[in-house]
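Here is the structure we will look at.
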Amino acid sequence: MKRSGTKPILWLLFSMGGTVAAFTMPIIITVLGILHPLDLLPTQLLSYQMIEVISHYWIARIIIAGIIITVLWHAMHRLFLTMLDLCLCQDKFSHKILFYGIAIAGTMVTLFSILIV
Amino acid sequence: MIKAKHYIRSHDKLWWLKDKQRFLYMLREISSLFLGLYTIMLIIRLASFTAGESYYDSYLDFMATPSFMIYSIITLIFALIHTITWFFLAPQAMPLVIAGKKMPNGVITGGCFIVFLGLVGIITWFIKELTI
Chain U
54 MKRSGTKPIL WLLFSMGGTV AAFTMPIIIT VLGILHPLDL LPTQLLSYQM IEVISHYWIA
114 RIIIAGIIIT VLWHAMHRLF LTMLDLCLCQ DKFSHKILFY GIAIAGTMVT LFSILIV
Chain E
765 MIKAKHYIRS HDKLWWLKDK QRFLYMLREI SSLFLGLYTI MLIIRLASFT AGESYYDSYL
825 DFMATPSFMI YSIITLIFAL IHTITWFFLA PQAMPLVIAG KKMPNGVITG GCFIVFLGLV
885 GIITWFIKEL TI
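Top line first, the protein sequences correspond to chains U and E. Following our numbering, the residues of the first sequence are numbered contiguously, the last one being 170. Following our numbering, the residues of the second sequence are numbered contiguously, the last one being 896.
As structure tokens, this is what we get:
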């Protein structure tokens, strides 16, 4: 088997993303996806103006981008392996690019949004 | 001439339905699909915020539709499956050695759950502070 030079980086992103997702995703989904749409939170909390205030802090931008990028890479890497397990995909470039392409595109959109706001 | 025989692996596409262990394994792994989709939703939220207030408000309206609520609840269930299984795997992935002694698995898993509950506590406190 040929050793790929990207393997250690992918593995680091995978394990970091898994840990970040384990600690943050249930909270993020509960707050952003359930409590906020049901109007159970103070109205100003996730308003445009509030996020604008938060975006002045670079640490907040780094945390948001860090969570999104690591979780995205974790999920896409694991989803590709699951697709192999399910025999829905093969270990070849044209299939890999679907998953890692989404991860790369998502990373670029995230960084672009975070940097120009 | 002798033709080389290639080994063809018989692989049933529904192998994961054969027994409970395999089904639980697939349940754990497929959580990545829901986490991935949700991260894409977060990226769209970020991009719509960057695009401007009207885009962000229409994103929020979209989030409040019943179908999206159901999707969020399903994703939350899978996210919790990921959290629980990840914490139970943590001692194997990251064995902790303190003063030459290997920490028992329960300590690491328990520690993860305590940190997680601490995070939940901080967020709840923060929201309560803002409400009053």
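Heads up, the beta-carbon is just placed ideally off N, CA and C, and yes, glycines get one too.
For proline 90 of chain U, the chain E residues whose C-beta falls within less than 7 Å of its own C-beta are Met827, Ala828 and Met833, listed in chain order. Sequence-ordered contacts of the segment 65-80 of chain U with chain E read Ser68, Gly71, Thr72, Ala74, Ala75, Phe76, Thr77, Met78, Pro79 and Ile80 [C-beta pairs closer than 8 Å]. Given a length threshold of 4 residues, each whole run of the alpha helix (DSSP H) inside the segment 109-151 of chain U is given here in chain order: 111-138.
Excluding sequence positions up to five before and after isoleucine 122 of chain U, its CB lies within less than 7 Å of the CB of Thr160 and Thr163, all in the same chain and listed in chain order.
When the five nearest sequence neighbours on each side are left out, the beta carbons in the same chain lying within less than 8 Å of the beta carbon of alanine 128 of chain U are those of Gly70 and Ala74, in order along the chain. Of all C-beta pairs linking the segment 94-101 of chain U to the segment 146-154 of chain U, fewer than three are shorter than 8 Å, placing the two stretches out of contact.
Close partners of threonine 135 of chain U in chain E (Cβ separation under 7 Å): Glu793, Ile794 and Ser796. Put simply, the segment 831-840 of chain E does not touch the segment 816-823 of chain E. Fewer than three CB pairs are less than 8 Å apart.
One alpha carbon belongs to glycine 816 of chain E, the other to threonine 77 of chain U, and they sit about 26 Å apart. The beta-carbon distance between arginine 792 of chain E and threonine 847 of chain E, rounded to whole angstroms, is 11 Å. This is too long to meet the 8 Å contact definition. Rounded to the nearest whole angstrom, the C-alpha separation of lysine 865 of chain E and isoleucine 62 of chain U is 30 Å. Judged by DSSP in its simplified three-state form, lysine 865 of chain E adopts strand. For the C-beta of isoleucine 104 of chain U, the chain E residues within less than 7 Å are, from N- to C-terminus, Phe813.
Rounded to whole angstroms, the Cβ separation of threonine 803 of chain E and leucine 125 of chain U is 4 Å, and the two are in contact under 8 Å.
An exposed status is given to leucine 788 of chain E, since fewer than 16 other beta-carbon atoms sit within 10 Å of its beta-carbon. Under the 8 Å Cβ criterion, the segment 858-878 of chain E does not count as touching the segment 111-119 of chain U, having fewer than three qualifying pairs. Annotated three-state conformation of proline 61 of chain U is helix, per DSSP.
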